[in-house]
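Asker: Below: one structure in structure tokens.
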Amino acid sequence: MRRTNESSGEKKGVTRRKMLTYAGATGLAVTVAGCAGEEPEEGIDDDDNGNGTGNGNGNGNGNGEDDDSSLVYATTIAPSTIDPMGVSDNFENIYAVNVYDSLMMYSDDTPPELVDGLVVEWDVADDDQTYEFTLRDDATFHNGDPVTADDVVYSITRMMEMQMGMSWMWAGTLSPDGVSAVDETTVEIETDRTFAPFIFTLPYHPIVNEAEVEANDEDWLQDNDAGSGPYQLVEHVRNERLVLERNDDWWGEWPDGGDPFDEVVMEIVPEEGTINGMMGSQEADITDEWLSLQTYQEIESMDHASVSDEVTFSPLYVFMHNQREPLDDVNVRKAISYAVDYETIVDDILEGNAERLQGPLPDAMWGHNSDVTLYDRDLDQAQAYLDESPYDGEDIELTYTYVSGLTVTENIGLLMQTNLAELGITLELEGAPWTRITDMVTDPESTSDMHAIYLSFSYVDPDTFLYPAWHSDSHGSWESASWYHNEQVDQLLDDARTEIDQDARIEMYEEVQELMTEDAPALFVVNEAELYGINNRVGGYVDNGLVGYSKAFWRLYNQG
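Counting from 1, one number per residue, gives the positions in the sequence shown under the UniProt record's numbering.
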């Protein structure tokens, strides 16, 4: 084998950092990030108000300020599942990364770096498809069983066979029979094809205790855990809270700055005003990112709290339907792109909590091309492109669809309504639940003329933003609401997935961005800051922009 990564001792071959440079770190718009601002989902069916092992505190707020060892994360979103093989949205991944270990993990850097999880050494063979992982020998599950290669094989196979959760990352790349145990601490994974981002998808594939899962019924993991991570589940009151307890036997490192939290309460609070009150009374320590700007401003004004406002990887696009008249004409799309008042969006609607998005890739991502066309507001240019289109002089009426309840995208739509009226274009606004939007975009006939959608990412690679949103094979998913098709872009995205050389991949992605900005398949609006309210007693918080890993509770500590 020719590329090696070891955690300790003498380094051979290519180090972890060099491997990041060599293969690229990966990234794709996961998840239900697009559903931000939607009304809370109902979550897991509450047949019996299952409460897991039932030995949590059950107080609904983790004892608030009365217990310094308890951290309360207040969120408006309830999970639809906590089976680690089924998790997909942000809340579910927060739970999974804190309760389960994976072969690899992500650091809290921006952009995040790949670090060892259950693995102490890994190698990639000359075929760029065969990976060998050596497991650490000091990792145990929460019930005391050692973590073995058989558990890894079982976990990966189970996820692939279920075809749920984050298994989409491996679609067309890995088959269940491609994973095997060489011995008790060695796992071999052979992919079906070369996939450059593969190693960077591993932090989202939790490892479970095979014996414990097999000894219980299918739904057991909805109220119990079979993990080896820094925290373990001690209570689950469905649609109300999950209570996690620190795992003193965890192999990993706890923070240096202060005492880690012995308990974490993930409190589900549908009412935004209640979360605001909990932050004010110090019954909650951290909020989610789905609150209104007004609420974050109120939290910022509290003496004991602040707001994290890092701009990382939260791009907002307004997808234009490239296969429907008049948006099938690039001149119309460019006219609209030049008509929008982006400065007002950043300064007024988002009150400065965003940066302009230059092209389809956030500039914090490696491979970003800063030389592509930036569509600033220019009405003369907009009118010139409209004059060149075959629809000049016609009455153009378009529909702009946004997630109901998400005031930012609604206000952007209202601004665009005014902007486009200056070109004689009528824009009708339609708010719809996220579930309806995901249904609409499965078919070009039901897809709206314009959809305002946020994309987020799960692995640190341009592929995560570009392939699912702009490759024609992705049509029918919510990430690909533009129905954009450019054969040259498709080929470049395919080639970049199988090219291992980092510099070659960067050249491909830079060309993709040039082609796309000239095609203007969407409005590349802003990269928005993700806002979180935080009690000042919480130390160690860093938002690295990653789904799940932005709430790595084991990195937090009580700083008084």
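We put the beta carbon where it would ideally sit given N, CA and C, even for glycine.
1. What does a CB cutoff of less than 6 Å around Y375 pick up in its chain, not counting 5 residues either side in sequence?
2. Strictly by DSSP, which residues pair up with G359?
3. Out of V340, S69, T201 and N90, which has the shortest C-alpha to C-alpha gap to W290?
4. Along the alpha helix (DSSP H) that carries Y467, what are the first and last residues, could you check?
5. Would you tell me roughly how many angstroms separate the C-alpha atoms of T76 and T130, rounded to the nearest one?
6. If you scan the stretch 295 to 352 from start to end, which runs of the beta strand (DSSP E) of 3 or more residues do you find wholly inside it?
7. Mapping DSSP to helix, strand and coil, what is W168?
8. Looking at the secondary structure, which residues open and close the alpha helix (DSSP H) in which L427 lies?
9. Straight-line CA distance for V87 to N353?
10. Take A382 as the anchor and find which of L523, V460, S155 and N331 has the nearest alpha-carbon.
11. Using 10 angstroms around the beta-carbon of R555, count the other beta-carbons present and answer buried if the total reaches 16, otherwise exposed.
12. N369 and E214 look like a contact to me (Cβ under 8 Å); what is the Cβ gap, rounded to whole Å?
13. Taking P521 as the reference, give the member of V152, E184, D328 and V408 with the closest Cα.
14. What is the DSSP secondary structure of Y454, counted as helix, strand or coil?
15. Where does P176 fall in DSSP's three states?
16. Return helix, strand or coil for D150, following the three-state DSSP convention.
17. Return helix, strand or coil for W122, following the three-state DSSP convention.
18. What is the residue span of the beta strand (DSSP E) that Y391 lies within?
19. According to DSSP, simplified to helix, strand and coil, what is Q232?
20. Going by alpha carbons, who is nearest to Y342 out of A125, V318 and N239?
21. In its own chain, which residues sit with a C-beta less than 6 Å from the C-beta of P326, not counting the 5 before and 5 after it?
22. Quick check on G144: does DSSP put it in helix, strand or coil?
23. I'd like the span of the alpha helix (DSSP H) that includes F133, first residue to last.
24. Whole angstroms is fine: what's the gap from S228's alpha carbon to K551's?
25. Starting from residue 561, trace the alpha helix (DSSP H) in both directions and tell me its first and last residue.
26. Can you tell me where the alpha helix (DSSP H) with M416 in it begins and where it stops?
27. Using the Cα positions of G548 and A421, report the straight-line distance between them to the nearest angstrom.
28. In the DSSP assignment, what are the bridge partners of V264?
29. With burial defined as no fewer than 16 other Cβ atoms inside 10 Å of the residue's Cβ, what is the status of S301: buried or exposed?
30. So, helix, strand or coil for F195, using DSSP?
31. Can you give the Cα-Cα distance for A25 and D363, rounded to whole angstroms?
32. Taking its Cβ as the centre, do 16 or more other Cβ atoms sit within 10 Å of P315, making it buried, or is it exposed?
33. Tell me which same chain residues have a C-beta within less than 6 Å of the C-beta of G62, skipping the five on either side of it?
34. Kindly identify the DSSP beta-bridge partner or partners of V489.
35. To the nearest whole angstrom, what separates the beta carbons of D150 and E210, a pair I think is in contact under 8 Å?
36. Which residue comes first and which comes last in the alpha helix (DSSP H) that contains A211?
Answerer: Let me spell this out:
1. S337 and Y338
2. According to the DSSP secondary-structure assignment, G359 is paired through a beta bridge with no residue.
3. Selected option, being the one with the closest Cα: N90.
4. Here the alpha helix (DSSP H) through Y467 covers D463 to W470.
5. 42 Å
6. 305 to 308 and 315 to 320
7. In the displayed model, W168 falls within a helix according to three-state DSSP.
8. Element bounds for L427: not the alpha helix (DSSP H) but the beta strand (DSSP E), I425 to A432.
9. Cα to Cα, V87 sits roughly 29 Å from N353.
10. N331
11. Around the beta-carbon of R555, 16 or more other beta-carbon atoms lie within 10 Å, marking it buried.
12. Their Cβ separation, rounded to whole angstroms, is 49 Å, which puts N369 and E214 out of contact at 8 Å.
13. D328
14. strand
15. helix
16. Residue state, collapsed to three classes: helix.
17. strand
18. Note, Y391: premise wrong, no beta strand (DSSP E); not H, not E.
19. strand
20. V318
21. V332, Y391 and I396
22. Coil at G144, not helix or strand.
23. First-last for F133: T130 to L135, but that is the beta strand (DSSP E), not the alpha helix (DSSP H).
24. 18 Å
25. Nothing in the structure corresponds to residue 561, since the chain is present only between 1 and 560.
26. T407 to A421
27. G548 and A421: Cα-Cα distance of roughly 41 Å.
28. Note: V264 sits in a beta bridge opposite L71 and L244.
29. exposed
30. coil
31. Note that A25 has pLDDT 33, beneath the 50 cutoff, so the model's placement of it is unreliable and the number below is only indicative. One C-alpha to the other measures close to 15 Å.
32. By the neighbour-count criterion, in which a residue is buried when 16 or more other Cβ atoms sit within 10 angstroms of its Cβ, P315 is buried.
33. Because the pLDDT of G62 is 40, which lies under 50, any placement of that residue in the model is unreliable, and the number read from its coordinates should be weighed accordingly. For G62, same chain residues with a beta-carbon under 6 Å away, outside a window of 5 residues either side, are S70, V72 and V265 in chain order.
34. Beta-bridge pairing links V489 to no other residue.
35. 6 Å
36. E210 to E214
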